[in-house]
Ligand code: PBG
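Residue numbers (the numbering used here): 600 to 926.
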């Protein structure tokens, strides 16, 4: 058989396969979500996310230590406040749960990179991502409280803020207030193409942020749409975003590819709670090899064009990269 091209030559052994990998991963590009509960002392497992925990303010540094031990140096913080009201005022309280968590982390681990999720749904008693007018979220009123919340996170010491609410104009509103207060060097990671997804289910029970009525379809994107993701990214670029994000990840790999090709900004993807929970459940049922699947799922997101990944598997992935199983 006279074959000139034999692609299998580059698959013959581990050494040559590693040499020829087209996608390279690093623990530096992994971001771990940390849930801090103001009412909790110690650590409590999250029922909807097996293997994940709620941390009390007294033990948030433990979460950081676990990250550092695994080689993960970046987190995104989510807060469960002690009190909620119609406008979500605990979101921007100087002594709010996220603000206190940031200070606790930064006092002990000043180099640990802290990103904060900026949204109102965990802080409003109705569970919607902003201030309501009737049964609708009032976009422009919500911009004010989002901006105040982002500023309070940065004043507490956050390294980066990540608005996840999907209001129009939120990046510009946050950029303006940060600049006015001298934080012009603090970056904004925009949840740019965030879809109205059923994959957020386990997160909403973990964060206590399910809407009391209705849904988020008036805020988040319709999963049918592709061009709209490009529009949302373009607007966020214009408004001053530093990093763009596509969320969820695995069902939206086409969107990640398209947006990362179209824009020069670093591209983040969020492997969300439902993606994690599905792997966990299938593994618990003995149906799949969890370790190989978590590696392959993450790898596909980077191959699609993401430069960084928010994932509940960050610690396991950092280990896999170190061992050379991926990356
Ligand atoms: C807050 C927010 C959500 C997630 C991240 N930030 C929930 C939502 O939009 O309902 C989802 C994360 C996950 O599912 O892991 N708005």
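Glycine residues also receive a C-beta, built at the ideal position from the N, C-alpha and C atoms.
Euclidean distance between Cα positions of residue i and residue j
{"i": "residue 882", "j": "residue 890", "result": "9 angstroms"}
{"i": "residue 642", "j": "residue 884", "result": "26 angstroms"}
{"i": "residue 906", "j": "residue 859", "result": "9 angstroms"}
{"i": "residue 912", "j": "residue 655", "result": "21 angstroms"}
{"i": "residue 846", "j": "residue 793", "result": "5 angstroms"}
{"i": "residue 685", "j": "residue 692", "result": "14 angstroms"}
{"i": "residue 864", "j": "residue 632", "result": "22 angstroms"}
{"i": "residue 615", "j": "residue 736", "result": "55 angstroms"}
{"i": "residue 606", "j": "residue 840", "result": "41 angstroms"}
Neighbourhood of residue i by C-beta, 7 angstroms cutoff - its chain only, sequence neighbours within 5 removed
{"i": "residue 862", "result": "832, 836, 843"}
{"i": "residue 780", "result": "750"}
{"i": "residue 807", "result": "679, 721"}
{"i": "residue 716", "result": "675, 676, 677, 761, 763"}
Cβ neighbours of residue i in the same chain (closer than 8 angstroms, five flanking residues each side left out)
{"i": "residue 894", "result": "916, 919, 924, 925"}
{"i": "residue 734", "result": "812, 813"}
{"i": "residue 897", "result": "624, 870, 908, 910, 912, 916, 925"}
Where residue i sits in the DSSP three-state scheme
{"i": "residue 763", "result": "coil"}
{"i": "residue 735", "result": "strand"}
{"i": "residue 603", "result": "coil"}
{"i": "residue 707", "result": "helix"}
{"i": "residue 632", "result": "strand"}
{"i": "residue 712", "result": "strand"}
{"i": "residue 684", "result": "strand"}
Nonlocal neighbours in the same chain, by C-beta distance under 6 angstroms from residue i, ignoring five residues either side
{"i": "residue 695", "result": "689"}
{"i": "residue 791", "result": "831, 832, 835, 843, 844"}
{"i": "residue 635", "result": "654, 659, 678, 696, 700"}
Contact test: residue i Cβ vs the ligand MG heavy atom, cutoff 7 angstroms
{"i": "residue 812", "result": "No copy of the ligand MG occurs in the structure displayed; its ligands are the ligand PBG alone."}
Quick test of the definition: if touching needs 3 or more C-beta pairs under 8 angstroms, does the segment 659 to 667 touch the segment 679 to 690? As far as the Cβ criterion goes, the segment 659 to 667 does not touch the segment 679 to 690, which means the pair count is below three.
Segment contact, 8 angstroms Cβ cut-off, at least three pairs: the segment 644 to 656 with the segment 798 to 816: yes
With contact counted as at least three CB pairs below 8 angstroms, one residue from each stretch, are the segment 701 to 709 and the segment 763 to 772 in contact? no
Would you call the segment 821 to 828 in contact with the segment 755 to 764, where contact means no fewer than 3 C-beta pairs closer than 8 angstroms? no
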